[in-house]
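Structure first, commentary second.
There are 2 protein chains.
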Amino acid sequence: MADWPTVKYKEEGMREGMQIEDANISVADKVKLLDALSETGLNQIVVGSFVSPKWTPQMERIDEIVTQFTPKPGVTYTALALNSRGVERARAYSPPLTIERDGYPRLTCHMCDVFVRRNTNRSQMAEMERWPQIVAQAQELNIKEAGIGTNASWGSNFMGEFPVDALMTMLEKQHSMWDEVGIDVRSVSMGDPMSHCTPAKVEESVYRVKEKWPEVNHIRLHLHNGRNMAIASAYAAMRTLGPDDTLELDGTIGGFGGCPYCGNGRATGMAPTEDLLHMMEDMGIPTGVDIDKLIDCVWMAEDIMGRELYGHVSKAGPRPKTVDKLYDMNAPFVETMEQAKHFKKGPEVYEGGIYPYNEPITSPYRDRVEEGTPAYDGPSGDFPWKQDWFPAKD
Amino acid sequence: MADWPTVKYKEEGMREGMQIEDANISVADKVKLLDALSETGLNQIVVGSFVSPKWTPQMERIDEIVTQFTPKPGVTYTALALNSRGVERARAYSPPLTIERDGYPRLTCHMCDVFVRRNTNRSQMAEMERWPQIVAQAQELNIKEAGIGTNASWGSNFMGEFPVDALMTMLEKQHSMWDEVGIDVRSVSMGDPMSHCTPAKVEESVYRVKEKWPEVNHIRLHLHNGRNMAIASAYAAMRTLGPDDTLELDGTIGGFGGCPYCGNGRATGMAPTEDLLHMMEDMGIPTGVDIDKLIDCVWMAEDIMGRELYGHVSKAGPRPKTVDKLYDMNAPFVETMEQAKHFKKGPEVYEGGIYPYNEPITSPYRDRVEEGTPAYDGPSGDFPWKQDWFPAKD
């Protein structure tokens, strides 16, 4: 179980997040947040999108942001573009922007014909119509490896649920087109703009993809969180993949975001980056990210947006694991959200809270931990019932 | 994978939730919320706790609540009591309260000696000291089946992380005491008051328990959500258990709750009931609960508390699965949280939003769905490329 895949994480807050927020958030605030994100250790950051300012006024000043932010060496910055005009605009800023994020030519379509029409003004059929051309181009360029994929993979707010069987049939169709020309499929992408993922469906989908095509070693998941399933679904994918696989995941600090076309607006969200990476660190999947700095970014974003976002680790703090991070045994009651922020703001925030003990709390276990000994030794070691203090001697 | 366990769900909002909220929330409001919860189909509801009003003023008027609420036939109502005085107080209200929720005598203790001292004014050693007495009583009563368990199972804000090895050693110690007297262990309980669960740890723990003791067929998990891991951890447990197992889970509507002793206050939370049960329904695990009524309860609770709670399904709405629930293809932009509530409040809330289409959206898929045909037929059926509308004919 501990043979996790490699996970590549992409921070989408500046794009998926900001696109559904107030269009009047200042360029200065956005640049400040983007620069702070660059310092966390995140190595893939989407800076925004090059789309029509008429329908997405939140991205109208993307050129200024791209010009003013401070690119950090080692971080890959990308931007979303939905058509060739957008790609052309983005190219003017490369570098610092990276235009091609993924080397694979990909046959892909939305399972939901309504959503793709609403969001990008084309039909699923139009998406499919491009497939032969994409295959022909790949042949021409002598490309050896390719990708397939779906969006709205598990269901739609406008069409209902799609069984995993339907998803698989769609992927098989795409796969067979690459097979016919002898190009290997290595990557499968599954998107979920309308929050229809569940861990059970994601686990089944990833399992069946790997079962059918073991040589697929890149799985990309873009999961939305309107029904609070994004983190559980990401875990389900992690546990289904192995150490030779790469899992690409997206999310946003604080879990904010969404699009105006999906029908859930700001209630859409994504997996909160800080919560997902905090989980990965605990599982032993390296992220390279400083969670404390990430929490600073969440607090900054909340300050900019003027409201609390959806993540939890930014409110309760990371699990304390080292002696210097452990909470004070004799802390008084911690009740409010403000008091809970002591993990970063210090004990001042809960000072004066109710202290219900007649005598200070002490514990032989805490003594052990403070001496640098694990709370519990291994099975053959000094477990409590072998300690002097253990009352119920054998 | 579809052989899920039976899941028994206990709603903790009136206890875990209310105990960390304003003590001045009126009895009338609490009774109103409790009565609404009774109508959702939930069949286990905790009404509050019989504890010292000095330290938990939020529960000072529990007697009035228990007297005034309307018990629903078929619902089991319980209350928390931490000592014999509390149990005695609760007994005065049985019925409607059920005092014994779980038939198994249980050897249990907190892995965190500091938390148990802070929360219940006794040590882990004192908890263990009671074990021989519990075993002797069970023998006396000729009881054949028993339970074991831990609290703060995976870690503590005051002592750091506990490896699953340590948890297993503790459970083995308890198990061996039942073994010695020939009483079978059927139930393992694992609590997590300080939100140190992760899906990986829960999956490993449940897996190892079942591997070591296949005859254990009841797993009880009380998971807190301060680090947003409760739903993913619940899923991890579900996928690890089989159809002969029963999984007992707790959570709160809206995901609110916590205790003042754990150090995270209101940032602690539990799995939001509506999100967890919505997931289970999607997985085919019957809940018997009307999610729409549950969302009404969340909105009522938010109204009482004067702020948004943490759940998502109450904000974005359930995944629409039937034609009558599908969103309007020609809905305008949905952006704000208020507009997102159209799933319950109707299209009025988004009327006047931006409508970016020159012509109304139409889709042959939507036509299919509205006619009662699945969006996609089975693999051998009328998949898009066999339809007239499919452009890229083979």
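Going down the list, the sequences are from chains X and P. Following the numbering used here, the numbering of the first sequence begins with 7 at its first residue and continues without gaps. Following the numbering used here, the numbering of the second sequence begins with 7 at its first residue and continues without gaps. Ideal placement from N, C-alpha and C gives every residue a C-beta, glycine not left out.
Query                                                                                                 : Result
Any C-beta of chain X under 9 Å from that of P/CYS118                                                 : yes
Own chain, CB closer than 6 Å to P/GLY405, minus 5 neighbours either side, in chain order             : The structure shown does not extend to residue 405 of chain P, since chain P spans only 7 to 400, so no value can be given for it.
X/SER58 versus X/ALA337, X/LYS16, X/GLU66, residue with shortest Cα-Cα distance                       : X/GLU66
Simplified DSSP assignment, three categories, for X/LEU48                                             : coil
Own chain, CB closer than 6 Å to P/GLU209, minus 5 neighbours either side, in chain order             : ALA242, THR246
Whole-Å CB distance - X/GLY197 paired with P/PRO326, under 8 Å assumed                                : Going by Cβ atoms, the distance from X/GLY197 to P/PRO326 rounds to 19 Å, so no, they are not a contact pair.
Span separating the alpha-carbon of X/PHE389 from that of X/MET24                                     : 52 Å
CB of P/SER211 within 9 Å of CB of P/HIS230, strictly                                                 : no
Coarse secondary structure for X/HIS284, derived from DSSP in three states                            : helix
Proximity of X/GLY155 and X/THR114 at Cβ, strictly below 9 Å                                          : yes
Below-9 Å beta-carbon distance, X/TRP184 vs any chain P residue                                       : no
7 Å Cβ shell around X/ALA206 - same chain, five flanking residues per side excluded                   : none
Rounded C-alpha distance that separates P/GLY387 from X/LYS179                                        : 14 Å
Near-chain X residues of the stretch 161-173 of chain P - C-beta to any C-beta below 7 Å              : GLY161, ASN163, PHE164, MET165, GLY166, GLU167, PHE168, ASP171, ALA172
Interfacial residues, the stretch 349-363 of chain P to chain X, with Cβ spacing under 9 Å            : PHE349, TYR356, GLY359, ILE360, PRO362, TYR363
Alpha carbon of X/TRP305 to alpha carbon of X/SER320, nearest angstrom                                : 7 Å
For X/ILE154: DSSP bridge partner residues                                                            : X/LEU113, X/VAL194
Secondary structure of P/MET183, DSSP reduced to three states                                         : helix
Under 8 Å from the C-beta of X/LEU332: neighbouring residues of chain P                               : ASN163, PHE164, MET165, GLY166
Within 8 Å of chain P by C-beta, residues of the stretch 259-283 of chain X in sequence order         : PRO266, TYR267, CYS268, GLY269, ASN270, GLY271, ARG272, ALA273, THR274, GLY275, PRO278, ASP281
C-beta neighbour in chain X for P/MET176, strict 9 Å                                                  : yes
For X/SER162, the residue or residues it bridges with in DSSP                                         : X/GLY166
Within chain X, the residues that P/PRO326 reaches when beta carbons sit closer than 7 Å              : ASN163, GLY166
Neighbourhood of X/VAL37 by C-beta, 7 Å cutoff - its chain only, sequence neighbours within 5 removed : ILE71, GLN74, PHE75
Within chain X, partners of P/GLN180 - CB distance below 9 Å                                          : In chain order: nothing, as chain X lies at least about 11 Å away.
Test: X/ALA96 CB closer than 9 Å to a CB of chain P                                                   : no
Check: X/MET20 C-beta below 8 Å from any heavy atom of the ligand GDP                                 : Summarising the ligand content, the structure contains no ligands, and the ligand GDP is consequently not present.
P/TYR382 versus X/ARG136 - alpha carbon distance                                                      : 21 Å
Close beta carbons around P/THR252, own chain, < 8 Å, minus the five adjacent residues each side      : PRO11, THR12, VAL13, LYS14, ASN223, HIS224, ILE225
P/ASN157: contacting residues in chain X (beta-carbon distance under 7 Å)                             : None at all; the shortest Cβ gap to chain X is about 14 Å.
Length of the line joining the Cα atoms of X/PRO385 and P/GLY271                                      : 34 Å
Contact with chain P by X/ILE5, beta-carbon distance below 9 Å                                        : Outside the modelled stretch of chain X, which goes from 7 to 400, sits residue 5 of chain X, for which no answer is possible.
Cβ pair X/ASP334, X/PRO353 closer than 9 Å                                                            : yes
For X/LEU332, the three-state DSSP class (helix, strand or coil)                                      : coil
Beta carbon proximity, X/PHE75 to chain P, threshold 9 Å                                              : no
9 Å Cβ cutoff met for P/THR104 and P/ASP296                                                           : no
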